[in-house]
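For the protein sequence lines, the chains are A and B, in the order given. When you line the first sequence up against this note's numbering, it's residues 811 to 936, in that order. When you line the second sequence up against this note's numbering, it's residues 811 to 936, in that order. Below: the structure, in structure tokens.
Protein chains: 2
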Amino acid sequence: MGIVRKTKSVTTVLQIFEENQEAKSVVNLIELVKDKMNKTTVYRILDRLEQDGIIHSFNGKDGLKWYAKCKGCSAEHHTDKHPHFQCTECDKVECLSVDIKIPTIKNHKVESTDILLTGRCEVCSV
Amino acid sequence: MGIVRKTKSVTTVLQIFEENQEAKSVVNLIELVKDKMNKTTVYRILDRLEQDGIIHSFNGKDGLKWYAKCKGCSAEHHTDKHPHFQCTECDKVECLSVDIKIPTIKNHKVESTDILLTGRCEVCSV
DNA sequence: TTGTAATTGCAACTTAATTGCATTAAATTT
DNA sequence: AAATTTAATGCAATTAAGTTGCAATTACAA
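Printed below as a string of structure tokens:
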């Protein structure tokens, strides 16, 4: 179990993810709530929210950790095979709802799949 | 252009990639050559080799940077859409030669694709 | 209201990666 | 073969993401 007590900090972080579906980097999140809580707290809350399947994490193009709200995950069944798209121009990340087929790999037991597409987003591809 | 002079350090790093097809993390590479060159040199050589299309880089499951030898890349045409597989047990990374179809994303100009599969490798899945 | 254990703040720490600058050494020219 | 040029390197310091230990705080159940 991740979150046990619904503290002010937890509520604050959750609100950010509920405002829109956009993924956020930890760095970005820390900046957003820097007047309300410590960065360690942010890391720990994100950990717990992910354990509960409320949000999911992935690495952005620069290796930084990003989080976004899950649409159909629980603590037990944490399926997030959807790909992410990061803009090379504005760095923004979107969750994509396309389905990508991964073939089985001989002699390998694939447990998770991380797909990051990079390029120009709608706004930046003008 | 990346590499201009073929120094001892460059040769040393290249040899490592030629020994086998296995991908190596920068941390691992620095450790391997720590008696022969400075870590800054390792970072810079890897940068240059990648610019020349001799090796390619990607992020491993922990966000660390990994490098592996390219099979059909040049400085101009750096196509590396092959996925990578990292073992959750031994951390080893392999380049996979399977082809994964990425659908076009509406209003997005996809420039590159990074796919990282994680799970148990052949050795660790016993 | 009180007890207790989860949560937080803070400072220190770890580690990957970068930077500036003086020095060294490939490789070209003389 | 020596001189010249400048790419490449070493080193120390720095930046930044992420972690840890511990004391103080606070949610919440009894």
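Quick reminder that beta carbons are idealized off the backbone N, C-alpha and C, glycines included. Small disclaimer: the values here were computed from a predicted structure and weren't measured.
Short Cβ contact (8 Å threshold) for residue i with residue j
i	j	result
serine 867/A	tyrosine 853/A	no
cysteine 897/B	arginine 930/B	yes
proline 893/B	valine 903/B	no
leucine 874/B	valine 836/B	yes
isoleucine 865/B	valine 820/B	no
asparagine 869/B	asparagine 838/A	no
threonine 928/A	lysine 849/A	no
isoleucine 915/B	isoleucine 925/B	no
isoleucine 912/A	leucine 859/A	no
Interface flag, residue i vs chain B, CB-CB below 8 Å
i	result
glutamate 899/A	no
heavy atom of the ligand MG below 7 Å from residue i C-beta
i	result
glutamate 904/A	As for the ligand MG, it is missing from this structure, which has no ligand bound.
Closer than 8 Å to chain A by CB, residue i
i	result
lysine 911/B	yes
phenylalanine 839/B	Just to set this straight, residue 839/B is leucine in the shown sequence, not phenylalanine. Closer than 8 Å: no.
valine 936/B	no
isoleucine 915/B	yes
valine 903/B	no
valine 908/B	yes
phenylalanine 827/B	no
Top-ranked residue by Cα proximity to residue i, from the options
i	options	result
valine 936/A	Pro913/B, Leu839/B, Lys919/B, Leu927/B	Lys919/B
valine 933/A	Asp901/A, Asp845/A, Thr923/A	Asp901/A
isoleucine 826/B	Asn869/B, Arg815/B, Glu841/B	Glu841/B
serine 922/A	Lys916/A, Lys891/A, Ile915/A	Lys891/A
asparagine 917/B	Ile813/A, Lys881/A, Phe895/A	Phe895/A
threonine 761/A	Gln831/A, Asp862/A, Lys844/A, Thr851/A	Beyond the ends of chain A as shown, which are 811 and 936, falls residue 761/A; an answer cannot be given.
methionine 811/A	Asp857/A, Lys879/A, Gln831/A, Glu899/A	Asp857/A
arginine 815/B	Glu899/B, Asp862/B, Ala833/B, Glu828/B	Asp862/B
When you check each C-beta in the segment 918-931 of chain A against every C-beta of chain B, which residues fall closer than 9 Å?
Taking 9 Å as the Cβ-Cβ cut-off against chain B, the residues of the segment 918-931 of chain A that qualify are His918, Lys919, Val920, Glu921, Ser922, Thr923, Asp924, Ile925, Leu926, Leu927, Thr928, Gly929, Arg930, Cys931.
Chain A contacts made by the segment 849-876 of chain B, where a contact means CB separation under 9 Å:
Of all residues in the segment 849-876 of chain B, those with a C-beta nearer than 9 Å to a C-beta of chain A are Asn869, Gly870, Lys871, Asp872, Gly873, Leu874, Lys875, reading in chain order.
Pick out the complete alpha helix (DSSP H) segments inside the segment 832-906 of chain A, 4 residues or longer, and give them in chain order.
836-842, 849-861
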